[in-house]
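Novice: Following this message is one structure expressed as structure tokens.
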């Protein structure tokens, strides 16, 4: 029997932490926990204390003697860790508000993992994750890094390519949603279906077969076309219907986020509607939900994950993380869809890049399934997006403005030209605090008196948020 | 000494024919001509007669005894041909007006070789070129097909992939323009510079070195950034300035048409301005120029290419064609930028697809230079565009509406979503006469009473043009 | 619950059949059998009757009501089959004697799956398997073909590439041997180790990790170097010791058959010793064992697999087959090492070729693990062998003598030159009866009075065997 | 007009130097020479003085005022060089005697660029060329390195891969021989034929077309099969006849050195005959020729390349070098077959490795022609050989004995097993003086009292040669 493990969660003050605790408690028999460390930064201290107390209450109620440590000292926490999970959000939800509102203020998709917003989330996160990796090299060189900070695929790629750290797995809840919801669409159970996912995080496709090997992909596609609201999609992108001819002939299922690319017009209109509404964009809505959640978390009698968490979005994220960790620990070959090194799994992309593919999780990490090549349509799109990711990561690491322009130019959700440059510049200025690598360029822009147009964002900036 | 050659020009009634004749006359000593056949269709009979008579006058004035045959019978013309050049335009300039105006009526780029228009030009042209290839297999199985009908790269790819005809070369005047105009930007001559082009038709990049091997790409880039109007660009896309940081760091020169992709916003605005102007879109302007040209051509005393032809656009096209043909004939290893089978020249694309690359033209056809791999930015963009081309060609051959939707979805100049489907449907209806492969879908659309919104196009349709 | 299955075994009169029956009986609860058909040809009628009777006795003793049909009519048997297993040997063991003795008579490796012998086994078998596939297309188009006729990888490749039949899996007992024997070398159990195999049939490598993810490949390698006789190798190739420096630095384990390539000299000497001994080559020894086995099989009181079968070699073959079939039937994701379509699993080889790799067996067939790229040494060797396989298969399908010469020239176990041509020619003549595709060349050789040098083979030929 | 150039020749005391001088004199009008530096080492001082004096006499007789400097100080010579040519032979011809005789003493091919000998020539040469490159980085960072020290392809690969120096071109006279001799075989002239070479140094193939584009490869192949002695092959490998069926069906021409791989048996027999003859192996014969040559060179009245040099072998080597250099200098796009970075030219090999391909030589270096993919036979063989080269170079750089064993194991001219290890060990001992990177292993072997079997070699070793 292996030793009980030490788990460290960076961004431990997140509202997701209770779900993570629930996941570990549920799997305690498979993977005993030695200690849990929740790490956060000064700005997150209050949330950390609230959620940490709840976490401890949950463990206490479980009957397992597990100590939940709360700390702002990352190095103390990382020492001898077995698993490090990352769910931090650089700049908190306010940063996401900027990622969403600045592009929308110019009539472009504003989103936290796609388009201009996704690029900037990477710009803010990559330097931090690379710092964490440097700490891990010193303090816990045998630990696994389980990342679910978004954009999860790019973060994983940055860790491998620039951090030179291969023991990393990127997670996403989107494939989990498909696997849970699709079987019931065609009247069967999860164990009756065989899944093959291939692509990138938030940009993958999948094929489905029944247990006799028959291709049921089209059958599922036809069902999804019947719905007004796609039940397999995350809360924020349910409403948009696929183009029927395309979906039926493709005979491969896109992921929910592909709507941004297949149905850009509709997605943009939907976002603009929110942008102009009283509730504001998704980040603003989530901010409200989170506020309520933390109020609930404070209740000293609460010792389980409250039902309201499911409104937060991101369902299954923590469950996927716990399942992955437990599967590494117990070498159980559990099939998961994860971001990992390609090694030929998707033949249309180089061996050394990160892809999101069906994998069996072992004590040696993920064994990805070789999917082969995609069709003409999917292949070209996929190769473009991998280029976009590589340019974004390079810009995030080097602070190259030209690479940032290239990432913007090639991104299918950004219309190239002078407005896109305005969006880029405003985002640089608005996120200044978290973009030290771009400080020279930001200085240059400030000297030109470039300011942010959107009122909400300008207000946040002025308040130093 | 080899035998004098028989040249056949499909679309012989084109206004470009005089330039072609001039090219052959200029090279007569290198490549003697046995006979020239200008082929056209019934709708082009009048233009054929005008331009054919001028062509004969040009040859008579040259002192060479060359008979210019005019015919509507393609098979008669192709018999025992040595070289077949194609410069036909299915649906004439009216079709181009539709390609341009329908997308613009919905606020999208309307262009004849890029975006929705380019896709539809391929839809109309691919079936015709494949017919021509079938004729050639019977009537002149050893002939070379020299294509400069646009979209030149896709047409070449269709000929190789679906026509199974490898003796084809696709030409374009854009690289010729760069090679002629760039040396003077940095104060040297064409023979002082070494060029390496790689990419696709209207989507290629190039590197430039001086004769000592020094990279002068950046030097040229910096010069181009100084101009208000790029002197190396074709007439229709001169005005738009590259993004400085991007161009300087890339250290590889985009082609003029890349403006559509790097500066979509500006290009669209420029086209919308024309769309809303009295003169109308480029096709409408060209129609006026052409009318004047044919008036000039009628002059029985004219026996040379009139200077006004240069206003037509497409300068150097015919010269490139004549140079290529003469180089095959004389096995002269002339360096040209042509569309040909990849075979590894651009490592980022499969061996068996068509690319536009620097090549040495021999009696055995083009020997393409191995360029290697492009940078992250160029690579992803290129791979996307090749997918877009393959989907377009497949739709053109099979009449698959779903493949057409995929081509539209992936095309960077088309915003995906319901408006793009409207544009697709209107284009299908407007071009009905030339799209037999889509007839079932068109019938279905007509049954739904889908009609064309743009007045100019609707008028053309109603007049059966 | 799925329906009970119909299993058809081509080459049903083989001595392996009792092991196959044992395997099915053992797994009856997981996969109930409806009926079993043992198919053979006229020459094998007697053996079929003996082994078929034993098979029926085994089922009767098991308590399951399963009827074992014996037939020489392949079409009758194949009708509505669920699984077809192939274990036939074209030309029986006499053909193997020729495969071994003719090369050895000229001082070259004589072996049934490697070198000249392996090439000729493919020449005899490929046309037959392609015939079977044609029957299957008509009679049981949904069946799986589970091949363990050698050379198993090439047969699988032929079925996919030329037979256009994708529901095929090639099996081999060599990886099974490694997986069973290696854990005890380092004091652990099979479930404690994680295996990654990649390569070709009889030409694969593997990496091993413990359940905590640590690489234990070198640890196993060091143990294997201590033995006089490698306990993980098949009976026929135990004796030869790996070169220490090479094995230790490679940090990847070769398969037992790699001895033919890493230690050609020793393997040849060993074979020559047998060739010159009274017992003769391996095929002659096996012939004796088989004779004894069939005497045992005749015993009407025998109703289980006799222990002596293990002397026959090929242990675990049938078990691997039964396990694979049961795993497809029950969609159990059992990890097996099988020959299947590459699809990127081994990045050093094209997607569309067959490789032997670790795979999870599902109701949809094998899901191969993406292994990535091998080291310089393994990669070049592997690519050479795949070429050798493709040339062999092409020669087997087309009867091209030139392709046969190329396969011989490139095969690392054959010294190229005039002696190799003699060996090729004698093999053609000796196997004449089973090589209709080469009949013109064989006629030409006979007209030149080319005869076989080896006495034993000449005697077989004269007796029409 | 560019400036006159400074040329430095490392190994200047070689008997080839007069041919090199002749080449420069012949091309003086195209490329004026400022100064020539012949560099050698202490052991070569006498030869350097003889050949240097002749070189100066040749220039004086030419009427051009060019000073030929002779020096043992490489750094002095390299300062501000424009072109550095390398034709040195580490260990002189005595080392080649060892490369040839040790393998042959064990019945294996003994050759200076193939098999065990070629591997050891690389072991001795790679460290020296990497030293030279380090000097060049300091002393002449803009110079081109024109290598014709064998094994020319591996040396070029080492310079690029480990020396990180891209301005290097590897030359070989074998393709030159084909291009000169083949046209007359089919009754035409060099300028009438179009050549496409692809592969590796001493392991390339080529296709030939006439000036009308017709494939004449087979026509040439048929002619070559008629000869008793192949007129296109170098002196040392003329006698062996290709296998007719194979050559005719392949429809691609192998290079002369392919005889070692296609006809190993005959080549070995031929070498063994020489090995056992009074004249000895090729190196011993060349030693005699060289002795005579230097006697001739001493003649103060000789001021041109003596005719006897052609007996030396290696004809056209220097001419190829001069032509390449002049073509770089004058940016003349001369077509040559050179070792250069692949970049897709041969799609079967990675972009970043060195291949030998048809290229156009410009002021920016070679522009290789994209050949595409080879047939199954050639591809597998080529990929194997590239692996062999990479392993050899890695062993040469690192001194890894295991990598050396791998190179030996995979080399098609070496039978793997214990005898090959003996050959490896004896070669290490015999070349001890020039293999500092292997000194630990050599010490270990000496401690085991391993000695050299061949008398001639043992004698050389004992005499410290």
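Protein chains in written order, with my numbering: chain Z, 1 to 465; chain S, 466 to 930; chain A, 931 to 1395; chain V, 1396 to 1860. By construction, the Cβ of each residue, glycine as well, lies at the ideal position given by its N, Cα and C atoms. From a predicted model like this one, the values you see are computed outputs, not experimental measurements.
1. Terminal residues of the continuous beta strand (DSSP E) containing residue 1397(A)?
2. What first and last residue would you give for the alpha helix (DSSP H) that runs through residue 1389(A)?
3. Assign residue 916(S) to one of three DSSP states: helix, strand, or coil.
4. Which value, in whole angstroms, describes the spacing of the CA atoms of residue 144(Z) and residue 16(Z)?
5. Figure out for me which residue from 1285(A), 1352(A), 1363(A), 1364(A) has the closest Cα to the Cα of residue 1134(A).
6. If we ignore side chains and look at the alpha-carbon of each, how far apart do residue 1105(A) and residue 710(S) end up?
7. Specify the secondary structure class of residue 1541(V) as computed by DSSP and reduced to three states.
8. Whether or not the stretch 1322 to 1340 of chain A and the stretch 1768 to 1781 of chain V are in contact is what I'm after, with contact meaning three or more pairs of Cβ atoms, one per stretch, closer than 8 angstroms; do they touch?
9. When you compare the stretch 909 to 916 of chain S with the stretch 987 to 996 of chain A, are there three or more beta-carbon pairs, one atom per stretch, that lie closer than 8 angstroms?
10. So which residues on chain V does residue 829(S) lean against when the C-beta distance must stay under 7 angstroms?
11. Would you check if there are 3 or more beta carbon pairs closer than 8 angstroms linking the stretch 361 to 371 of chain Z to the stretch 1134 to 1149 of chain A?
12. Flag this pair as touching only if the stretch 1492 to 1511 of chain V and the stretch 1521 to 1534 of chain V have three or more C-beta atom pairs under 8 angstroms; answer yes or no.
13. Residue 1015(A) and residue 1251(A): beta carbons closer than 7 angstroms?
14. Of the residues 1495(V), 1430(V), 1462(V), which one's Cα is nearest the Cα of residue 1667(V)?
15. State whether the stretch 613 to 624 of chain S contacts the stretch 844 to 861 of chain S, with contact taken as three or more CB pairs (one from each stretch) at a distance under 8 angstroms.
16. My guess is that residue 1616(V) and residue 1643(V) are in contact by the Cβ rule of under 8 angstroms, so how many angstroms apart are they, rounded?
17. Which ranges would you report for the alpha helix (DSSP H) in the stretch 1134 to 1179 of chain A if only whole runs of at least 4 residues count?
18. Given that a residue counts as buried once 16 or more other Cβ atoms are within 10 Å of its Cβ, and exposed if not, what is residue 521(S)?
19. Who are the Cβ neighbours of residue 884(S) in its own chain at under 7 angstroms, not counting the five residues just before and after it?
20. Less than 7 angstroms between CB atoms is the rule here; does residue 866(S) satisfy it with respect to chain Z?
21. What does the Cβ neighbour count give for residue 763(S), buried or exposed, with the cut at 16 atoms within 10 Å?
22. Is residue 777(S) near residue 754(S), with beta carbons less than 7 angstroms apart?
23. Here's a check: name, in chain order, each residue in its chain whose Cβ is nearer than 8 angstroms to the Cβ of residue 680(S), leaving out the five neighbours to either side.
24. Kindly indicate the opening and closing residues of the alpha helix (DSSP H) around residue 83(Z).
25. Is the Cβ of residue 1195(A) closer than 7 angstroms to any Cβ of chain V?
26. Output needed for residue 1596(V): all residues of its chain with C-beta closer than 7 angstroms, excluding positions within five of it in sequence on either side, in chain order.
27. Excluding five sequence neighbours on each side, which residues of the same chain lie with their C-beta closer than 8 angstroms to the C-beta of residue 1222(A)?
28. Name, going along the chain, the residues of the stretch 1302 to 1320 of chain A whose beta-carbon falls closer than 9 angstroms to a beta-carbon of chain Z.
29. Please say whether residue 34(Z) and residue 6(Z) have beta carbons closer to each other than 7 angstroms?
30. Can you name the residues that DSSP bridges to residue 180(Z)?
31. Just list the alpha helix (DSSP H) runs in the stretch 312 to 368 of chain Z, keeping only unbroken ones of 4 residues or longer that don't cross its boundaries, in chain order.
32. Who are the near neighbours of residue 868(S) in its chain, counting only those whose CB is closer than 6 angstroms to its CB and skipping five residues on each side?
33. Along chain Z, which residues have their Cβ under 8 angstroms away from the Cβ of residue 1013(A)?
Specialist: Working from what's here:
1. One cannot answer for residue 1397(A) here, as it falls past the ends of chain A, which runs 931 to 1395.
2. 1385 to 1392
3. coil
4. 20 angstroms
5. 1285(A)
6. 56 angstroms
7. strand
8. yes
9. no
10. 1589, 1604, 1608
11. yes
12. no
13. yes
14. 1495(V)
15. yes
16. 6 angstroms
17. 1147 to 1156
18. buried
19. 571
20. yes
21. exposed
22. yes
23. 672, 673, 674, 716
24. Element bounds for residue 83(Z): not the alpha helix (DSSP H) but the beta strand (DSSP E), 83 to 86.
25. yes
26. 1546, 1547, 1548, 1565, 1567, 1734, 1751
27. 1238
28. 1302, 1303
29. yes
30. In DSSP, residue 180(Z) forms no bridge with anything.
31. 317 to 330
32. 856, 859, 860
33. Per Cβ cutoff of 8 angstroms: no residues; residue 1013(A) is ~12 angstroms from chain Z at best.
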